[in-house]
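Structure, as structure tokens:
Residue numbers (our numbering), protein chains in the order written: chain Z, 1 to 154; chain Y, 155 to 414.
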């Protein structure tokens, strides 16, 4: 039922499609293994729980690859851009390709902050980094994407 | 940017992003990797079922055996007594299906509920067996066995059938044994008297409403509570199985009861 959505989720985190598929299968096995502890809390709770398991499984796989931690250099307080206009004209496949071109740690922070809508302190705790580092990764990921988007438009 | 990206990705289907994705193949792989659950034998359940079966079986057996005891009161021998040696009978512990007839006297006891009989009742029972009635003379040519069956009912609801048998040889006199009272907690009533010709097995049975005499009437004669001159019953044959019928009368004569 949720297989397609979860596969897309894996593809956002993991560049290699075969690895993403393996991760999804691991996530499903983990889901069935923990099914006894699952408490149904209404519509959407199953998907939310599954999404959490898949995300954790992706992060575990990325950790095994030892994500490179880069010390943040500069981070402006507010970024004004016209990214939305550009993204609005892109297909999902193109967005996914742009995301996959990001370095692993940038892509991971971007996924957690943008798609999972996780606050920086949670992302920082999850990835064992400081909050400012998380902000920095997000900023840099945005910058890289902006450049790529501009290049795509040109 | 956040909303735009999210909506864009949510709208996208897997066919658009990864056309080669084979969902069925993936599920096939997952199912092959799923740990197979071991078939655990439910030993606790089996053990509980066995205990229930055994308990139920024992309960049913006890119930059935109690019913048999009640219906066969007097026929199930539990312990022999030897009055001549003065040995007191032990309280019945097990059932025996054979009634021994070689002894001159014997006591047969069956109980309604063996489990509820207390030591006090046992002692009362034994003490009560020490009573004896008038001397009975057997003036017939055949040995006679006289069995008196009494019912002892106690305050705690238990009931016992006590059968005391005495064999009287021809031209011999013997005191009948019986249970005169059951003590303060128990009452004793006469249930049945059987007079059997030992040689032939022919038996006269006197009960509460038998003709021409009842068990109570004969019992009063045997215990000396009443002066008697009654016809107990009729044997169809003599002890040689050739002559008959012969009446069995009980008369008070010279302080003794006479069978003739």
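Note that CB positions come from ideal geometry on N, CA and C, so glycine has one too.
- Here residue 199 of chain Y is exposed: its Cβ has fewer than 16 other Cβ atoms, across all protein chains shown, within 10 Å.
- Residues of chain Y with a Cβ closer than 7 Å to the Cβ of residue 28 of chain Z are, in chain order, 184.
- In the pairwise beta carbon analysis, the stretch 137-146 of chain Z is classified as not touching the stretch 179-191 of chain Y: fewer than three pairs are separated by under 8 Å.
- DSSP places residue 371 of chain Y in no beta strand (DSSP E) but in the uninterrupted alpha helix (DSSP H) bounded by 369-377.
- Contacts between residue 139 of chain Z and chain Y, judged by CB atoms closer than 8 Å, are missing: the closest CB pair is about 12 Å apart.
- At a beta-carbon threshold of 8 Å, the residues of chain Y lying near residue 25 of chain Z are 180, 183, 184, 187, ordered along the chain.
- Exclusion of the five residues before and after residue 361 of chain Y leaves 346, 369 as the residues of its chain whose Cβ lies within less than 6 Å of its Cβ.
- Straight through space, the alpha carbons of residue 326 of chain Y and residue 305 of chain Y are spaced by roughly 29 Å.
- If you check the CB distance, residue 314 of chain Y and residue 300 of chain Y do not come in under 8 Å.
- Spanning the alpha carbons of residue 164 of chain Y and residue 202 of chain Y requires a straight line of approximately 55 Å.
- Separation of the CB atoms of residue 330 of chain Y and residue 302 of chain Y is rounded to 7 Å, and the pair is thereby assigned contact status at 8 Å.
- Taking the Cα positions, residue 296 of chain Y is about 11 Å away from residue 389 of chain Y.
- Here the stretch 57-64 of chain Z lies against the stretch 9-25 of chain Z, with 3 or more beta-carbon pairs under 8 Å apart.
- Within 8 Å of the CB of residue 311 of chain Y, no CB atom of chain Z is found; the nearest one sits about 54 Å away.
- For a cut-off of 8 Å, the C-beta gap from residue 20 of chain Z to residue 170 of chain Y is around 15 Å, too long to register as a contact.
- Rounded to whole angstroms, the Cβ separation of residue 53 of chain Z and residue 37 of chain Z is 11 Å, and the two are not in contact under 8 Å.
- The residue among Y/316, Y/343, Y/298, Y/175 with its C-alpha nearest the C-alpha of residue 328 of chain Y is Y/298.
- Of all alpha-carbon atoms in Z/114, Z/17, Z/45, Z/50, the one lying nearest the alpha-carbon of residue 32 of chain Z is that of Z/50.
- Residue 367 of chain Y counts as buried, since at least 16 other C-beta atoms from the protein chains shown sit within 10 angstroms of its C-beta.
- With respect to the 8 Å criterion, residue 144 of chain Z and residue 89 of chain Z are not classified as neighbours on the basis of their beta carbons.
- A residue is called buried once 16 or more other Cβ atoms fall within 10 Å of its Cβ, and residue 121 of chain Z, having fewer, is exposed.
- Nearest to residue 294 of chain Y by alpha-carbon distance, out of Y/188, Y/174, Y/393, Y/156, is Y/393.
- Residues of chain Y with a Cβ closer than 8 Å to the Cβ of residue 92 of chain Z are, in chain order, 162, 163, 165, 166, 170, 171.
- Around the beta-carbon of residue 96 of chain Z, 16 or more other beta-carbon atoms lie within 10 Å, marking it buried.
- Among the CB atoms of chain Y, one or more fall inside 8 Å of the CB of residue 4 of chain Z.
- Taking all protein chains in view, the Cβ of residue 6 of chain Z is crowded by 16 or more other Cβ atoms within 10 Å, so the residue is classified as buried.
- In the three-state reduction of the DSSP assignment, residue 105 of chain Z falls in the helix class.
- At least one CB of chain Y lies nearer than 8 Å to the CB of residue 8 of chain Z.
- A distance below 6 Å between beta-carbons, with the five flanking residues on each side excluded, links residue 399 of chain Y to the following residues of its chain, in chain order: 388, 390.
- The contact set of residue 114 of chain Z on chain Y, defined by CB atoms closer than 9 Å, consists of 155, 156, 159, 160 in chain order.
- Between residue 349 of chain Y and residue 382 of chain Y a beta carbon distance of about 14 Å is seen, past the 8 Å cut, so the two are scored as non-contacting.
- Interface annotation, residue 32 of chain Z: in contact with chain Y, CB-CB separation under 8 Å.
- Residue pairing by DSSP places residue 383 of chain Y opposite Y/405 in a beta bridge.
- When Cβ-Cβ separations below 8 Å define contact, residue 149 of chain Z makes no contact with chain Y.
- In the DSSP assignment, residue 350 of chain Y falls within the unbroken beta strand (DSSP E) covering 340-351.
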